[in-house]
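Below: one structure, written as structure tokens.
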Ligand code: PSU
Ligand code: MN
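Residue numbers (our numbering): 287 to 590.
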């Protein structure tokens, strides 16, 4: 069997030696953050991991080949080039046609799992969009996590989504959701939503134990770690509510559909908030990367 993906030298060495590795996605860089901050962010997320003794594995598809771990030129490409946005269903097509693409949470989870990586940090998960009972717009992130054994650290889902419906889908698909230092599901820019969680832990060691128990029970599902932004860093709720209503109306008026919806909303909100939502987005993502580093370190220690 020939390998359908390429694992970078540092990532391969870390995995072989049971040293901690954290996967990072590229859609947040290519389609979720404005330039040039996206390039700085991609480098910074990797640096946060390295300084915690964790090997970063930023994942993207370059010229048809899935890359598990990027070099400096690869990071530059996901930040500066016009890349496609690839979810799982796009992977065979972009591989065959030798296209370059940024990977969503779903595609990143799939590729990281193929490479043997167990922990992944992102900003927010994709979920069920508002009006999904009409549009059927549910991110492939959710069903992919039902069949992909990765632990993904996110600040919940963006408040642009239908949070209640997203949590119902996670329940239906039997995907464990654990609050990290919280009993309330976070909504990305804001620490809390109206939805409480059944389970909460305070340490990375407990998440590692949950991962081990998951393996022991031979479940196929991944684990969602809901890591809220610290209160002092969250977005002002009143401004958030105002901009959100405006953004949803703008998406509706522009008639955006399909995979363009999430990038449209995110970039609209950055502009309509005068950049404030961007700072909050970066803070919550850094915070997720730090927690993922702790979890990957605890996982390596547990297996040692
Ligand atoms: N949430 C963010 N920023 C992002 C995304 C989600 O805060 O950039 C990206 C992730 O890559 C996620 C994708 O997997 O959007 C979901 O897109 P869709 O809703 O089209 O499935
Ligand atoms: Mn969608």
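Cβ atoms here follow ideal geometry from the backbone N, Cα and C, with glycine treated the same way.
Cβ distance (whole Å) where residue i is taken to contact residue j below 8 Å
| i | j | result |
| --- | --- | --- |
| residue 441 | residue 575 | So it is not a contact: roughly 11 Å between Cβ atoms. |
| residue 556 | residue 320 | 6 Å |
| residue 533 | residue 547 | No, residue 533 and residue 547 are not in contact; Cβ-Cβ is about 11 Å, not under 8 Å. |
| residue 296 | residue 341 | 5 Å |
| residue 526 | residue 459 | Actually they are not in contact, since the Cβ atoms of residue 526 and residue 459 sit about 28 Å apart, beyond 8 Å. |
| residue 380 | residue 350 | 6 Å |
| residue 398 | residue 309 | 4 Å |
| residue 318 | residue 552 | 5 Å |
For residue i: DSSP bridge partner residues
| i | result |
| --- | --- |
| residue 370 | 387 |
| residue 406 | 309, 438 |
| residue 635 | The shown model of the chain, from 287 to 590, leaves out residue 635, and the question about it has no answer. |
| residue 415 | 447 |
| residue 345 | 354 |
| residue 476 | 473 |
| residue 359 | According to DSSP, residue 359 bridges with nothing at all. |
| residue 292 | 353 |
| residue 424 | 414 |
Beta-carbon proximity list for residue i, same chain, < 7 Å, skipping 5 on both sides
| i | result |
| --- | --- |
| residue 313 | 371, 388, 389, 390 |
| residue 311 | 345, 389, 390, 391, 394, 408 |
| residue 287 | Here residue 287 scores only 45 on pLDDT, less than 50, and its place in the model is too uncertain to base an answer on. |
| residue 509 | 437, 462, 464, 496, 497, 500 |
| residue 568 | 327 |
| residue 430 | 374, 392, 395, 396 |
| residue 410 | 440, 441, 442, 443, 444, 474 |
| residue 521 | 475, 476, 562, 563, 566 |
| residue 608 | Coverage of the chain is limited to positions 287 through 590, which leaves residue 608 absent and any answer about it impossible. |
| residue 455 | 414, 424, 428 |
Same chain, Cβ closer than 6 Å to residue i, five either side skipped, listed in chain order
| i | result |
| --- | --- |
| residue 401 | 293, 354 |
| residue 290 | none |
| residue 529 | 555, 558, 559 |
| residue 542 | 550 |
| residue 316 | 364, 369, 388 |
| residue 300 | 307, 341 |
| residue 494 | 584, 585, 588 |
| residue 581 | 405, 490, 493 |
| residue 324 | 315, 365 |
| residue 425 | 412, 413 |
| residue 544 | none |
| residue 384 | 349, 350 |
| residue 427 | 391, 392, 411, 412 |
| residue 356 | 344 |
| residue 478 | 470 |
Other residues of its chain near residue i: CB distance less than 8 Å, five sequence neighbours each side excluded
| i | result |
| --- | --- |
| residue 376 | 370, 387, 393 |
| residue 577 | 407, 439, 466, 490, 511, 513 |
| residue 481 | 449, 450, 453, 470, 471 |
| residue 586 | 304, 305, 306 |
| residue 572 | 330, 331, 334 |
| residue 433 | 506, 507 |
| residue 360 | 344, 346, 348, 353 |
| residue 524 | none |
| residue 540 | 550 |
| residue 651 | For residue 651 there is no data in the structure shown, the boundaries of the chain being 287 and 590. |
Near the ligand NAD: residue i beta-carbon under 8 Å from a heavy atom
| i | result |
| --- | --- |
| residue 311 | Of the ligands one can find in the structure shown, namely the ligand PSU and the ligand MN, none is the ligand NAD. |
Contact with chain C by residue i, beta-carbon distance below 9 Å
| i | result |
| --- | --- |
| residue 452 | Given the protein chain composition of this structure (a single chain), no chain C is represented. |
(request) Scan the segment 482-568 and note each continuous alpha helix (DSSP H) run of 4 residues or more that stays entirely inside, going in chain order. (result) Counting only runs of 4 or more, we get 490-502, 523-540, 547-558.
- [ ] For the segment 436-465, list the alpha helix (DSSP H) runs that are entirely contained and at least 4 residues long, ordered along the chain.
- [x] Complete alpha helix (DSSP H) runs here, min 4: 449-458.
- prompt: Taking three-plus beta-carbon pairs below 8 Å as touching, is the segment 513-523 in contact with the segment 485-494?
  reply: Touching, no.
*asked:* So, does the segment 320-329 touch the segment 417-431, judging by three or more C-beta pairs under 8 Å?
replied: The segment 417-431 and the segment 320-329 do not touch, with fewer than three beta-carbon pairs separated by less than 8 Å.
Quiz item: Going along the chain, which unbroken runs of the alpha helix (DSSP H) with 4 or more residues stay wholly within the segment 309-340?
Solution: The alpha helix (DSSP H) runs of length 4 or more contained entirely in the segment 309-340 are, from start to end of the chain, 323-337.
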